[in-house]
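First residue of the sequence shown: 373, per the working numbering; consecutive thereafter.
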Amino acid sequence: MSLSPEFTQRVNELYQSFIQFDATQSDRIKRYRNIETESAQYLAMLIRIQQSKKILEIGTSTGYSTLWLADAALVTGAKVTTLEIDLDRTAQAKSYAEELNVDQVIDFWTGDAKDFLESSTEQYDLILLDAERHTYMDYWPFLKNMISHSGAVLIVDNVISHAAEVKNFICEVKQDRSFMTATLPIGAGLFMVTYTE
Numbered sequence: 373m374s375l376s377p378e379f380t381q382r383v384n385e386l387y388q389s390f391i392q393f394d395a396t397q398s399d400r401i402k403r404y405r406n407i408e409t410e411s412a413q414y415l416a417m418l419i420r421i422q423q424s425k426k427i428l429e430i431g432t433s434t435g436y437s438t439l440w441l442a443d444a445a446l447v448t449g450a451k452v453t454t455l456e457i458d459l460d461r462t463a464q465a466k467s468y469a470e471e472l473n474v475d476q477v478i479d480f481w482t483g484d485a486k487d488f489l490e491s492s493t494e495q496y497d498l499i500l501l502d503a504e505r506h507t508y509m510d511y512w513p514f515l516k517n518m519i520s521h522s523g524a525v526l527i528v529d530n531v532i533s534h535a536a537e538v539k540n541f542i543c544e545v546k547q548d549r550s551f552m553t554a555t556l557p558i559g560a561g562l563f564m565v566t567y568t569e
């Protein structure tokens, strides 16, 4: 059912097309800035190992990482909620999810992620944070409540490639003794946070 040759081939094709698009864009905001393949695969493995049931992604972009999360969610019986501020990118991500027949496990939410986080009372097994890095400090009070249960994990992308931009955020998280952290040299660098109490 999962990780079929067809799925792998198509997501690889999409990834290459996204990389090619980004290379033509001088404005960083206009780039898709998708997660690296090895990071996406690691997340898909983690969902299977963890047997995640509730997954939150902050920063859909064109849905490359969302496809990997959803493919794993099909295996574990999970639901993926993915947040994106750009309507066009949400629509693009939805079309790929429908094409690869994983859309039934994805809830696409369009708007400012902080609005979602402020209003949500849900807890999640796995959260992927891959959005505008200057917002992370504002998100943390909400995120820590969402993962304050045994086995829950927050993964933050780009912590090695953009270390200076996430330095204060990482320091803030490390000061909270309720959580263990680790930085993994996978892709652009993944920062892993898990609840300890």
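The beta carbon of each residue, even a glycine, is placed where N, CA and C say it ideally should be. If you're wondering where the values come from, they're calculated on a predicted model, not measured in any experiment.
| query | Are at least three pairs of beta-carbons, each pair with one atom in the region 466–484 and one in the region 409–420, less than 8 Å apart? | reply | Because the criterion of three Cβ pairs below 8 Å is not met, the region 466–484 and the region 409–420 do not touch.
| said: Using the Cβ count rule (16 or more neighbours within 10 Å means buried), how would you classify GLU490? | reply: Stepping through the sequence shown from its first residue, residue 490 is reached at position 118. The residue in question, GLU490, is exposed, as its Cβ has fewer than 16 Cβ neighbours within 10 Å.
| Rounded C-beta distance between LEU418 and VAL525? I'm assuming under 8 Å. | Residue numbering aside, residue 418 sits at position 46 when the sequence shown is read from its first letter. Residue numbering aside, residue 525 sits at position 153 when the sequence shown is read from its first letter. Right, their Cβ atoms sit about 7 Å apart.
| query | Using a Cβ-Cβ cut-off of 7 Å (strictly less than) and excluding sequence neighbours within five positions of THR387, which residues of its own chain qualify? | reply | As a first step, residue 387 is located in the sequence shown; it is residue number 15 there, counting from the start. It should be noted that the sequence gives Tyr, not Thr, for residue 387. Contacts found: ASN406, THR409, TYR436.
| Distance between beta carbons of VAL538 and THR553, contact taken as under 8 Å | What you label residue 553 is simply residue 181 of the sequence shown in a count that begins at 1. What you label residue 538 is simply residue 166 of the sequence shown in a count that begins at 1. Not really, about 12 Å apart at Cβ, beyond 8 Å.
| Looking at the unbroken alpha helix (DSSP H) that takes in LEU472, where does it start and where does it end? | Position 100 of the sequence shown, counted from the first residue, corresponds to residue 472. From DSSP, LEU472 is part of no alpha helix (DSSP H); its letter is neither H nor E.
| task | Report the option in ALA465, ASP529, TYR496, THR493 whose CA atom is closest to the CA atom of TYR508. | result | Taking the first residue of the sequence shown as position 1, residue 508 is located at position 136. For TYR508, the nearest C-alpha among the options comes from ASP529.
| query | With distances taken between CB atoms, is the gap from ALA450 to SER492 smaller than 8 Å? | reply | Here residue 450 refers to the residue found at position 78 when the sequence shown is read from its first residue. Here residue 492 refers to the residue found at position 120 when the sequence shown is read from its first residue. No; because the gap between Cβ atoms is not below 8 Å, this pair is not in contact.
| When you compare each of ALA485, GLN422, THR396 to ILE457 by their alpha carbons, which one comes out closest? | Locating residue 457 in the sequence shown gives position 85, counting from the first residue. Checking every option, the nearest Cα to that of ILE457 belongs to ALA485.
| request: To the nearest angstrom, report how far apart LEU501 and PHE563 are at their CA atoms. | output: Translated into positions along the sequence shown, residue 501 becomes position 129. Translated into positions along the sequence shown, residue 563 becomes position 191. Answer to the nearest angstrom: the Cα atoms are 10 Å apart.
| query | Hey, how far is the Cα of THR555 from the Cα of THR432? | reply | Walking along the sequence shown from the start, residue 555 turns up at place 183. Walking along the sequence shown from the start, residue 432 turns up at place 60. The alpha-carbon atoms of THR555 and THR432 are separated by roughly 22 Å.
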